[in-house]
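Worksheet for the structure shown next.
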Amino acid sequence: MLSTNSTSFLLNKPPTSLCIQSDIKTCKTIKDLVQFHALTIKNGRIQDPIVAAEILRFSALSARGNLEYARLVFNQMKMPNCFSYNTIIRAYSESKNESLEALIIYDQMLYDEFVEPNRFTYPSVLKACVKIKGIEEGKQVHGQIVKCGVELDSDDFVVSNLVRMYAVCGVMDDARRLFENYVVGDGELVSEGNVVLWNVLIDGYVRIAEFESARKLFDIMPQRSVVSWNGMIAGYAQNGFFKEAIEIFREMQMRNECLNYVTLVSVLPAISRLGALELGKWVHVYAERNDIKLDDVLGSALIDMYSKCGSIEKALQLFETLPYKNVVTWNAIIGGLAMHGRAKDALDFFSSMKQSGVKPSDVSYIAVLTACSHAGLVDEGRYYFEQMVRIVGLKPRIEHYGCMVDLFSRAGLLEEAEKLILRMPTKPDDVIWKALLSACRVHGHIEMGQRAAKHLIKLAPHDSGCYVALSNMYASLGNWVSVAETRLKMKELNIKKVPGCSWIEIDGTINEFVVEDDSHPRAHEINLMLEEMANKLRMAGYKPDTTHVLLNVDEEDKESALNHHSEKIAIAFGLISTGPKTQLQIVKNLRICGDCHASVKLISKIYDRRIIVRDRSRFHHFENGFCSCMDYW
DNA sequence: ATTTCCTATT
1 MLSTNSTSFL
11 LNKPPTSLCI
21 QSDIKTCKTI
31 KDLVQFHALT
41 IKNGRIQDPI
51 VAAEILRFSA
61 LSARGNLEYA
71 RLVFNQMKMP
81 NCFSYNTIIR
91 AYSESKNESL
101 EALIIYDQML
111 YDEFVEPNRF
121 TYPSVLKACV
131 KIKGIEEGKQ
141 VHGQIVKCGV
151 ELDSDDFVVS
161 NLVRMYAVCG
171 VMDDARRLFE
181 NYVVGDGELV
191 SEGNVVLWNV
201 LIDGYVRIAE
211 FESARKLFDI
221 MPQRSVVSWN
231 GMIAGYAQNG
241 FFKEAIEIFR
251 EMQMRNECLN
261 YVTLVSVLPA
271 ISRLGALELG
281 KWVHVYAERN
291 DIKLDDVLGS
301 ALIDMYSKCG
311 SIEKALQLFE
321 TLPYKNVVTW
331 NAIIGGLAMH
341 GRAKDALDFF
351 SSMKQSGVKP
361 SDVSYIAVLT
371 ACSHAGLVDE
381 GRYYFEQMVR
391 IVGLKPRIEH
401 YGCMVDLFSR
411 AGLLEEAEKL
421 ILRMPTKPDD
431 VIWKALLSAC
441 RVHGHIEMGQ
451 RAAKHLIKLA
461 PHDSGCYVAL
471 SNMYASLGNW
481 VSVAETRLKM
491 KELNIKKVPG
501 CSWIEIDGTI
511 NEFVVEDDSH
521 PRAHEINLML
531 EEMANKLRMA
541 GYKPDTTHVL
551 LNVDEEDKES
561 ALNHHSEKIA
571 IAFGLISTGP
581 KTQLQIVKNL
591 RICGDCHASV
601 KLISKIYDRR
611 IIVRDRSRFH
621 HFENGFCSCM
631 DYW
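Per the UniProt record's numbering, the very first residue in the first sequence carries number 1; after that it's consecutive.
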């Protein structure tokens with residue numbers, strides 16, 4: 001750009017005057033502060049404890065501060081006052097990895113006969129204990145608080161940090177006891193408007209995934225802040241309770257509760273996972289209309305939402321508009337492209353990322369390897385794996401091995417996949433064996449399939465996945481005796497197959513269907529549509545591929561079973577609920593089966609609809625009889 | 001003069 005030159009010229013001009021800061025309030029940068037500091041040393045004002053404390057505070061806590069400088073200032077104080085101790089302790093407790101230093105200075109403070117820790121000291125000291133995960137240190141500090149004799153243990157800030165310390169360390173019994181002693185006096189609930197204390201305890205239950213206790217407290221708490229709502233949403237979302245997260249979010253809107261930036265960032269992953277595009281769009285519009293800052297963090301969450309909800313183009317558009325992109329933003333778009341099977345674009349973005357100076361993380365490589373695996377780019381996958389290990393020096397995680405096993409297995413390089421599993425340094429998990437097993441089924445390699453299944457059963461004896469995959473493999477070979485044996489074994493061990501489940505969002509409502517589902521209010525119309533679809537498919541010359549049906553029953557029954565796979569029901573519902581040519585978007589919990597894949601291709605042509613299906617591992621864009629995955633999946 | 005809770009990517 002032409003204008004860049006003139007701008008940088010202006011920026012590079014040296015400052016015309018060196019104005020010495022004479023008041024700390026006018027200091028903007030650490031340089032200003034150093035000048036001011038020098039001045040106070042020269043004129044002796046540094047001896048004034050208040051001036052010294054202010055200098056310390058600026059260097060330790062202001063946004064442009066510098067902890068090293070603060071430490072030097074602190075070390076030069078002959079008699080640091082309580083305020084100075086508190087300031088430096090707080091700065092260290094909030095530091096990235098020097099929190100232990102906060103405890104060391106606190107210890108120093110205890111030995112200093114001229115100062116006593118006060119109610120401003122302990123929140124930071126406790127925060128430092130949490131940071132270093134020091135429950136023993138925390139208990140000691142708790143004792144010191146109780147013993148100090150000035151009733152610090154009835155200060156809101158001290159108590160909520162104590163409860164937080166126990167809660168974050170997972171000692172919920174102690175956290176609860178403290179909370180009850182403080183909040184409930186004489187068996188009566190005392191409401192002091194102390195929402196934070198409630199939030200902290202709820203957060204503790206959420207952390208150990210005790211959602212019943214968390215929800216109970218949330219429901220009865222006398223007052224809720226936006227943080228209470230956000231905590232529940234984030235907790236549900238991070239633990240896989242996506243519907244619950246969205247329900248709470250909806251309830252917030254219904255009650256006209258104030259939403260903020262954190263609310264949106266917390267609910268978006270849940271929206272992404274469910275593929276609720278309409279709701280996701282609403283969040284985007286809400287942020288724009290309410291001046292919620294669309295920065296790299298919220299931007300990354302939105303990019304992930306658009307790509308997981310099928311709108312990879314919208315994700316790309318948004319990506320271009322973000323002025324600042326961090327490594328997560330790049331990972332989101334590269335992972336999105338990979339999911340949509342756009343391997344070349346994913347690799348191009350990966351190189352732009354490096355070019356723009358953002359260092360790839362291990363997650364970036366997961367995205368890149370996923371892209372290779374979905375497109376069958378075996379050599380490229382090998383190349384990037386080697387690059388990651390040998391050049392970038394990242395230690396491969398089990399997920400990276402998973403991608404490589406997947407890459408080899410799908411490409412039919414089963415021996416190489418198995419070799420890698422046997423020589424990888426970490427113990428292969430069930431995901432890895434499952435990747436190999438399902439490839440063995442596709443490529444009809446029964447001996448290796450049985451070997452993989454054996455490992456799988458050992459690793460996850462009560463997971464239905466391996467039995468289903470095994471029985472699938474036998475079924476596709478027509479070995480019904482072995483299918484029956486496998487099924488019997490499942491029955492004996494009381495292992496239930498995870499039911500196939502698909503959902504489709506219509507007018508902002510998520511409609512969920514399981515196999516052979518007829519519980520929907522419009523079930524009758526849906527069934528009529530399913531019949532019509534089957535007829536039209538047959539007229540188009542389609543022959544159902546019944547090897548995907550596990551039962552040894554009549555061909556006719558098998559066909560009927562196929563027709564009632566959850567994704568077909570969802571599509572039928574989509575067809576009757578939307579106008580002609582409207583694009584349909586389906587999300588499925590498992591991988592789409594071969595028969596559904598083949599028939600949805602035709603359905604997209606017969607009904608002239610774009611149909612986007614997100615299955616467990618990737619996106620399929622069906623249009624005019626073809627699928628974007630080019631049948632490689 | 002100071003202090004607490006909730007934040008994205010596979």
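Note that the Cβ used here is the ideal one computed from N, Cα and C, for glycine as well.
Pair within 8 Å by beta-carbon distance, residue i and residue j
{"i": "Met539", "j": "Ile603", "result": "no"}
{"i": "Val353", "j": "Gly381", "result": "Rather than Val, the amino acid found at residue 353 in this sequence is Met. No."}
{"i": "Val115", "j": "Cys148", "result": "no"}
{"i": "residue 673", "j": "Leu162", "result": "Given a span of 1 to 633 for the chain in the structure shown, any question on residue 673 remains unanswerable."}
{"i": "Ala60", "j": "Met77", "result": "no"}
{"i": "Gly341", "j": "Arg618", "result": "yes"}
{"i": "residue 697", "j": "Arg390", "result": "In this structure the chain extends from 1 to 633, so residue 697 is not present and cannot be described."}
{"i": "Met305", "j": "Leu259", "result": "no"}
{"i": "Tyr236", "j": "Ile248", "result": "yes"}
{"i": "Ile334", "j": "Phe319", "result": "no"}
{"i": "Ser471", "j": "Arg487", "result": "yes"}
{"i": "Ser364", "j": "Val327", "result": "yes"}
{"i": "Ala417", "j": "Leu436", "result": "yes"}
{"i": "Ser266", "j": "Ala214", "result": "no"}
{"i": "Trp330", "j": "Val368", "result": "no"}
{"i": "residue 635", "j": "Tyr542", "result": "Nothing can be reported for residue 635: it is not among the residues displayed for the chain, which extend from 1 to 633."}
{"i": "Ile30", "j": "Glu54", "result": "no"}
{"i": "Asp595", "j": "Asp517", "result": "no"}
C-alpha gap between residue i and residue j, whole angstroms
{"i": "Asp463", "j": "Val498", "result": "9 Å"}
{"i": "Val226", "j": "Val158", "result": "22 Å"}
{"i": "Phe242", "j": "Tyr467", "result": "27 Å"}
{"i": "Lys127", "j": "Tyr85", "result": "15 Å"}
{"i": "Ser438", "j": "Tyr632", "result": "14 Å"}
{"i": "Leu422", "j": "Lys131", "result": "38 Å"}
{"i": "Leu377", "j": "Leu407", "result": "8 Å"}
{"i": "Glu399", "j": "Ala301", "result": "21 Å"}
{"i": "Ile576", "j": "Ala523", "result": "11 Å"}
{"i": "Val146", "j": "Asp155", "result": "11 Å"}
{"i": "Arg614", "j": "Ile495", "result": "26 Å"}
{"i": "Val206", "j": "Thr40", "result": "50 Å"}
{"i": "Asn194", "j": "Phe218", "result": "13 Å"}
{"i": "Ala332", "j": "Ser124", "result": "35 Å"}
{"i": "Leu211", "j": "Gln253", "result": "Residue identity differs from the one stated: residue 211 is Phe in this sequence, not Leu. Using only the alpha carbons, I get a separation of about 22 Å."}
{"i": "residue 642", "j": "Glu101", "result": "Look at the range of the chain in this structure, 1 to 633, and you will see that residue 642 is not part of it."}
For residue i, the nearest candidate out of the options (CA to CA)
{"i": "Leu584", "options": "Leu178, Glu192 and Glu278", "result": "Glu278"}
{"i": "Arg71", "options": "Gln47, Met254, Ile105 and Cys169", "result": "Ile105"}
{"i": "Ser99", "options": "Asn43, Lys133, Ser84 and Leu110", "result": "Lys133"}
{"i": "Thr370", "options": "Ser351, Gly336 and Asn256", "result": "Gly336"}
{"i": "Ile202", "options": "Glu192, Cys27, Ala175 and Tyr182", "result": "Ala175"}
{"i": "Tyr111", "options": "Gly275, Lys127, Ala375 and Pro80", "result": "Pro80"}
{"i": "Phe513", "options": "Lys491, Ser566, Arg609 and Pro123", "result": "Ser566"}
{"i": "Ser93", "options": "Asn472, Cys309 and Cys129", "result": "Cys129"}
{"i": "Arg273", "options": "Ile50, Glu505 and Glu210", "result": "Glu505"}
{"i": "Tyr122", "options": "Lys96, Leu414 and Thr87", "result": "Thr87"}
{"i": "Ala469", "options": "Asp545, Glu525, Arg441 and Glu101", "result": "Arg441"}
{"i": "Leu528", "options": "Ala561, Ile569 and Arg255", "result": "Ile569"}
{"i": "Glu244", "options": "Asp173, Gly231 and Arg255", "result": "Gly231"}
{"i": "Tyr324", "options": "Gly310, Ala38 and Asp296", "result": "Asp296"}
{"i": "Val168", "options": "Gly138, Gln144 and Gly143", "result": "Gly138"}
Endpoints, the alpha helix (DSSP H) within which residue i is located
{"i": "Asn511", "result": "From DSSP, Asn511 is part of no alpha helix (DSSP H) but of the beta strand (DSSP E) over Thr509 to Val514."}
{"i": "His565", "result": "Per DSSP, His565 belongs to no alpha helix (DSSP H) and is neither H nor E."}
{"i": "His520", "result": "Per DSSP, His520 belongs to no alpha helix (DSSP H) and is neither H nor E."}
{"i": "Arg610", "result": "No alpha helix (DSSP H) holds Arg610; DSSP gives it neither H nor E."}
Contacting residues, own chain, Cβ-Cβ under 6 Å from residue i (five flanking each side not counted)
{"i": "Ile292", "result": "Tyr261"}
{"i": "Ser160", "result": "Val196, Leu197 and Val200"}
{"i": "Arg616", "result": "Leu590 and Arg591"}
{"i": "Asn552", "result": "Below a pLDDT of 50, predicted positions are generally treated as unreliable, and Asn552, at 49, falls in that range; the measurement from the model is reported next regardless. Excluding positions up to five away in sequence, the list reads Trp480."}
{"i": "Arg164", "result": "Val200"}
Cβ-based neighbour list, residue i, same chain, cut-off 7 Å, excluding 5 preceding and 5 following
{"i": "Lys601", "result": "Phe622, Gly625, Phe626 and Cys627"}
{"i": "Ala287", "result": "Leu264, Leu294 and Leu298"}
{"i": "Gly412", "result": "His443"}
{"i": "Ala572", "result": "Ile526, Met529, Leu530 and Met533"}
N-terminal and C-terminal residue of the beta strand (DSSP E) that residue i is part of
{"i": "Ile104", "result": "Unbroken run through Ile104 is the alpha helix (DSSP H), Ser99 to Tyr111; no beta strand (DSSP E)."}
{"i": "Lys588", "result": "Leu584 to Lys588"}
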